[in-house]
Amino acid sequence: MTDRLPLPASVDTPQTIVVTGVMAAGKSTVSQLLAERFSRAVHLRGDEFRRVVVSGRVDMSPHGDPEAERQLALRHRLTAHTANMYAEAGFTVVVQDLFVGASLEPFLEQLEAPISLVMLAPDVSTVMRRESERAKTGYGDLWSISDFDLKVRTETPKIGLWLDSSQQTPDETVDEIIRRLPEARIR
Numbered sequence: 013m014t015d016r017l018p019l020p021a022s023v024d025t026p027q028t029i030v031v032t033g034v035m036a037a038g039k040s041t042v043s044q045l046l047a048e049r050f051s052r053a054v055h056l057r058g059d060e061f062r063r064v065v066v067s068g069r070v071d072m073s074p075h076g077d078p079e080a081e082r083q084l085a086l087r088h089r090l091t092a093h094t095a096n097m098y099a100e101a102g103f104t105v106v107v108q109d110l111f112v113g114a115s116l117e118p119f120l121e122q123l124e125a126p127i128s129l130v131m132l133a134p135d136v137s138t139v140m141r142r143e144s145e146r147a148k149t150g151y152g153d154l155w156s157i158s159d160f161d162l163k164v165r166t167e168t169p170k171i172g173l174w175l176d177s178s179q180q181t182p183d184e185t186v187d188e189i190i191r192r193l194p195e196a197r198i199r
């Protein structure tokens, strides 16, 4: 584990930091560790809003189901609203979720400034290794790791900080995010 220096006051102020990337990029671990670095912080997992749907949930697929897209937009609205409320109350909010392609900018438009965006972008072989080491699976018959990675890299707007975390530990990734937070600022 690295030595954790205190954050400069300019960094440790209420803000929203969006952490995204392909499945198995390390979003959950990095987001939790990042939130722990701030004096007042919330780790908001957007996927929790998907999981609370008890019946009628339609998950995203590569086939473009309108109901799945409607539910994703609802999940993103709930996440943005919750993030804004926590930020208004003086917390730094680390939002973790999949924001791929055209879903990213509508989500960001719902957030109040200041906002930073971090795209965790490890290489495909690293994602394959990480996916094989985790208990849950994000890929299967519908999504391949390389196809999903290509979709993220070609269809998602290149804004914020895109970070290749392939050769980093989670703590090293968090250290780099904090060092480069000004580059991640989008508004």
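Take the numbering used here: the final residue in the sequence shown is number 199, and no numbers are missing along the way. All C-beta atoms, glycine included, are put in the ideal place defined by N, C-alpha and C.
To the nearest whole angstrom, what separates the beta carbons of residue i and residue j, a pair I think is in contact under 8 angstroms?
| i | j | result |
| --- | --- | --- |
| V112 | V31 | Incorrect: roughly 14 angstroms between the Cβ atoms, too far for contact. |
| D59 | V70 | With a Cβ gap of about 15 angstroms, D59 and V70 do not count as contacting. |
| L123 | A95 | 6 angstroms |
So, for residue i: in the same chain, excluding its five sequence neighbours on each side, which residues have a beta-carbon less than 8 angstroms away from its beta-carbon?
| i | result |
| --- | --- |
| T149 | E143 |
| A37 | L132, A133, P134, V139, R142, S177 |
| S40 | R57, Q108 |
| I198 | L120, I127, S128, L129, I171, G172 |
| S158 | V136 |
Output needed for residue i: all residues of its chain with C-beta closer than 6 angstroms, excluding positions within five of it in sequence on either side, in chain order.
| i | result |
| --- | --- |
| I29 | V106, S128 |
| Y210 | This structure cannot settle anything about residue 210, because the visible part of the chain is limited to 13 through 199. |
| E188 | none |
| M13 | Any answer about M13 is weak, because its pLDDT of 48 lies below 50 and its placement is not dependable; what the coordinates show is given next. Only D183 meet the Cβ criterion. |
| Q179 | none |
| Q44 | H55 |
| E79 | V70 |
Between which two residues does the alpha helix (DSSP H) harbouring residue i extend?
| i | result |
| --- | --- |
| L162 | 157 to 167 |
| T185 | 182 to 191 |
| M97 | 78 to 100 |
| T41 | 39 to 48 |
| L116 | 116 to 121 |
| S144 | 136 to 145 |
Quick check on this structure: which residue in the options has the alpha carbon closest to the alpha carbon of residue i?
| i | options | result |
| --- | --- | --- |
| P74 | F160, P194, E195 | F160 |
| R87 | N96, G76, R62 | R62 |
| E121 | D183, H93, R57 | H93 |
| R49 | S156, G76, P26, V66 | P26 |
| V130 | A101, G102, A99, L110 | L110 |
| V65 | Q44, L90, V54 | L90 |
| L46 | E195, I198, T166, R191 | R191 |
| A125 | A114, R146, S158, F103 | F103 |
| R82 | A147, L162, P118 | P118 |
| M35 | M72, S67, G68 | M72 |
| T166 | A85, A101, A114, A196 | A114 |
Mind checking which residues open and close the beta strand (DSSP E) that includes residue i?
| i | result |
| --- | --- |
| V106 | 104 to 108 |
| P32 | At residue 32 the sequence reads Thr, which differs from the Pro that was named. Its beta strand (DSSP E) spans residues 28 to 33. |
| R63 | Per DSSP, R63 belongs to no beta strand (DSSP E); it is in the alpha helix (DSSP H), 59 to 63. |
| I127 | 127 to 132 |
Starting from the C-beta of residue i, find all residues in its chain whose C-beta is less than 7 angstroms away, skip the five residues before and the five after it, and write them out in chain order.
| i | result |
| --- | --- |
| V42 | V31, L132, P182, T185, V186 |
| L116 | T168, P169 |
| W155 | P74 |
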